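Visitor: Under the UniProt record's numbering, the first residue of the sequence shown is numbered 1, with each subsequent residue one higher.
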Amino acid sequence: MQKTETVVQLRDCLAPFHTAHKIVALVPTMGAIHGGHRALIAAARERADIVVVSIFVNPLQFGLNELPAAYPRDPEGDERACAEAGVDVVFTPSVAEIYPRGFSSYVTEEVVSRPLCGVARPAYFRGVTTVTTKLFNVVQPALAFYGQKDLQQAAVVRKLVADLAFAVEIVVVPTWREPDGLAAGVRNPLLTATQRQEARAIYGALEEAKAMVAKGVRSPDRVVAEATHILSQHRRVRVIYVAIVDQVTMEAARGEIIPGRSVLTIAVWIDEIRFIDNVLL
Ligand code: AMP
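1. Can you tell which of Gln2, Phe17 and Val27 has its C-alpha closest to the C-alpha of glutamate 169?
2. Would you mind working out which of Ala44, Ala69, His34 and Phe91 sits nearest threonine 6, comparing C-alpha positions?
3. Determine the direct distance from the alpha carbon of valine 53 to that of cysteine 82, and round the result to whole angstroms.
4. Contact check, leucine 231 vs alanine 205 under 8 Å by CB: the rounded distance?
5. State yes or no: is the C-beta of methionine 30 nearer than 7 Å to some heavy atom of the ligand AMP?
6. What residue from Leu190, Val173 and Arg200 has the CA that sits closest to aspartate 180's CA?
7. Could you check the C-alpha separation between arginine 254 and proline 220 for me, to the nearest Å?
8. Can the beta-carbon of threonine 265 be found closer than 8 Å to that of leucine 151?
9. With three or more beta-carbon pairs closer than 8 Å as the criterion, would you say the region 107-114 touches the region 224-242?
10. Excluding the 5 residues preceding and the 5 following glutamine 9 in the sequence, name in chain order all residues of the same chain whose CB lies nearer than 7 Å to its CB.
11. From Gly63, Glu208, Arg187 and Ala142, pick the residue whose C-alpha is nearest to that of residue 336; which is it?
12. Is the beta carbon of valine 51 sitting closer than 8 Å to the one on alanine 142?
In structure tokens, the structure reads:
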């Protein structure tokens, strides 16, 4: 596994692979590698000759009251995990490498990024689209892998790629879950046993919604009400949003749920820890 920290190192490292027309895949992450990241890397290995993992805690994605310094980090563990997972190139740039002094160019997507997480975290997707543009320019991947768990992020990146004609295919990988149904995430290890118990309500609500649709329910209001009811039974769970949206546009479902297209998406606080999850209905 080759380790790179600067744009120049990464470009130099990838140049021979591009010259040889190898299929290069990018898996962008913020590190603290877990099962979800491993699922993305495994999917990338199946389709690509060269797998590049970027590990960068992007300060642009954090709001005014969120601190990048508080984000879980594990550089040694990440290096080991990437090597074990068969990653070819790991890119761990500093903040100054990605945003050098005087940096003043930003990329925004202005429709898909607006609802849901865009409401509570207005700066978040601008951070995602800006860093994604830079990573795509440097890596020039043929494929880029994203998790279904961050559904809106994948939809925003897809729109960015379509609108700005990046020559990259976006691949979305199913959410990797722990045995109790909780989606793998960097904040899971921070949960106390009680909080973890309460967090299971998220998966419970998703499962119930899916079961209702399988039984023929098509009313978004009914399904959202039931999912919200399940979550609200738990004292530590505070709902940020529960919504049924189109999986491509993120528009709220009006009228009927469309199986295979509509997604129930949930964001909650469990005490001070934020979680998002979703299920295709
Ligand atoms: P992050 O490091 O949290 O920015 O996530 C990096 C990538 O991993 C994103 O594309 C996420 O959607 C994806 N990811 C995070 N958790 C999971 C999970 N439980 N299952 C699948 N993909 C995930």
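We put the CB at the ideal spot given by N, CA and C, even for glycine.
Note that the coordinates shown come from a computational prediction; the quantities given were computed from them, not determined experimentally.
Guide: Working from what's here:
1. As a working mapping, residue 169 is identified with position 169 in the sequence shown. Selected option, being the one with the closest Cα: Val27.
2. If you number the sequence shown from 1, residue 6 lands on position 6. It is Phe91 whose Cα lies nearest to the Cα of threonine 6.
3. Here residue 82 corresponds to residue number 82 of the sequence shown, with the count starting at 1. Here residue 53 corresponds to residue number 53 of the sequence shown, with the count starting at 1. Each residue's Cα considered, the two are about 8 Å apart.
4. As a working mapping, residue 231 is identified with position 231 in the sequence shown. As a working mapping, residue 205 is identified with position 205 in the sequence shown. Right, their Cβ atoms sit about 5 Å apart.
5. Stepping through the sequence shown from its first residue, residue 30 is reached at position 30. Checking the Cβ of methionine 30 against the ligand AMP gives yes.
6. Indexing the sequence shown from 1 puts residue 180 at position 180. When only C-alpha atoms are compared, the closest one is Arg200.
7. Here the question's residue 254 lines up with position 254 in the sequence shown. Here the question's residue 220 lines up with position 220 in the sequence shown. The alpha-carbon atoms of arginine 254 and proline 220 are separated by roughly 7 Å.
8. Numbered from 1 along the sequence shown, position 265 holds the residue referred to as residue 265. Numbered from 1 along the sequence shown, position 151 holds the residue referred to as residue 151. Against a cut-off of 8 Å, the Cβ pair of leucine 151 and threonine 265 comes out as a contact.
9. no
10. If you number the sequence shown from 1, residue 9 lands on position 9. Closer than 7 Å at Cβ, skipping near neighbours: no residue.
11. The structure shown does not extend to residue 336, since the chain is modelled only from 1 to 281, so the question has no answer here.
12. As a working note, residue 51 is residue 51 in the sequence shown. As a working note, residue 142 is residue 142 in the sequence shown. No, these two residues do not count as a Cβ contact at 8 Å.
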